[in-house]
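J.: Letter by letter, the sequence shown follows residues 253 to 410 of this note's numbering. Yeah, the Cβ is synthetic: ideal placement off N, Cα and C, and Gly gets one too. Quick caveat: nothing in here was measured; it's all calculated off a predicted structure.
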Amino acid sequence: PGFLPHVLQVYKHARPDMFRTELRVNPATFHRLVIRLQDDPVFTNQSPNAQLPVEVQIAITLYRFGHFSNAASLQKVANWAGYGKGMVDFVTRRVMAIRYPTPEEKEEAKAWVEAHSCKAWRNGWCMVDGTLVPLDERPFWYGESYFDRKSTYSLNVQ
Numbered sequence: 253p254g255f256l257p258h259v260l261q262v263y264k265h266a267r268p269d270m271f272r273t274e275l276r277v278n279p280a281t282f283h284r285l286v287i288r289l290q291d292d293p294v295f296t297n298q299s300p301n302a303q304l305p306v307e308v309q310i311a312i313t314l315y316r317f318g319h320f321s322n323a324a325s326l327q328k329v330a331n332w333a334g335y336g337k338g339m340v341d342f343v344t345r346r347v348m349a350i351r352y353p354t355p356e357e358k359e360e361a362k363a364w365v366e367a368h369s370c371k372a373w374r375n376g377w378c379m380v381d382g383t384l385v386p387l388d389e390r391p392f393w394y395g396e397s398y399f400d401r402k403s404t405y406s407l408n409v410q
C-alpha cells in the first residue's frame with residue numbers, strides 16, 4: 253500500500269506540518285479545494301466503476317505538482333499513492349481539466365484588475381510572475397536557454 257492513506261487520515265488531522273510537506277498546502281486549504289471541486293462534472297461518470305474519491309485525486313495531483321525530477325516520476329508518485337502509473341496520469345489530467353471563464357467572469361476579472369492595479373492592464377490576459385517551474389531534464393532543443401539563475405533547467409511563468 254502507498255503512503256497516501258496515512259497522509260489523508262493521520263497527517264491531515266494530527267500533523268498539519270507533515271501534511272504540508274507532502275502536498276504543499278495546509279489541510280484547511282486542501283479541504284476548501286476539495287469542497288470547491290467535488291461537485292464538478294469531471295468527477296462524475298455513468299460507469300458502473302466508481303471513480304476514486306475526489307480527495308484522493310486532488311492529493312495525488314498536488315503531490316505530483318509539488319515535486320520535480322525523479323520525485324515526480326509516474327512510478328514514484330504511483331508508489332507513494334498506492335495506485336498504478338496509469339491511474340496517476342489519469343487523475344492528474346482529470347483534476348487539471350480546464351474550464352474557460354464565462355463572459356461575465358471575464359468582465360468581473362477585468363474590473364478587479366482595473367480597480368486594484370494599473371488601468372492599462374484591464375484587457376490583459378497574462379501577468380509577469382517570475383515563478384520558475386523546474387523541468388525534469390535539459391530540453392533537447394536550445395537546452396542552454398532553459399538554464400536558470402538557480403542552476404536548474406526551468407520555465408519562467410510569464
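Extract the residue ranges of the beta strand (DSSP E) inside the region 383-409, only unbroken runs of 3 or more that lie entirely within it.
T.: Taking 3 residues as the shortest admissible run, the region 383-409 contains the following complete beta strand (DSSP E) segments, listed from N- to C-terminal end: 384-386, 406-408.
J.: Within 10 Å of its beta-carbon, does residue 357 have 16 or more other beta-carbons around it, so buried, or fewer, so exposed?
T.: exposed
J.: What are the start and end residues of the alpha helix (DSSP H) that includes residue 328?
T.: 326-333
J.: Keeping to the same chain, check which residues put their C-beta closer than 7 Å to that of residue 311; ignore five residues upstream and five downstream.
T.: 256, 259, 260, 275
J.: Judging by CA-CA distance, which residue of 362, 299, 351, 317 is the nearest neighbour of residue 340?
T.: 317
J.: Alpha carbon to alpha carbon, how far is residue 334 from residue 322?
T.: Cα to Cα, the separation comes out at about 17 Å.
J.: How would you label residue 394, buried or exposed, when you count the other beta carbons within 10 angstroms and need 16 or more for buried?
T.: Residue 394 is exposed by the Cβ-count criterion.
J.: Hey, could you find the ends of the alpha helix (DSSP H) residue 362 is sitting in?
T.: Where residue 362 is concerned, the enclosing alpha helix (DSSP H) stretches over 355-368.
J.: Distance, Cα to Cα, residue 371 vs residue 363?
T.: 9 Å
J.: Is there contact between the region 284-296 and the region 324-333, where contact requires at least three CB pairs shorter than 8 Å?
T.: no
J.: Do the CB positions of residue 385 and residue 409 come within less than 8 Å of each other?
T.: yes
J.: What does the Cβ neighbour count give for residue 309, buried or exposed, with the cut at 16 atoms within 10 Å?
T.: buried
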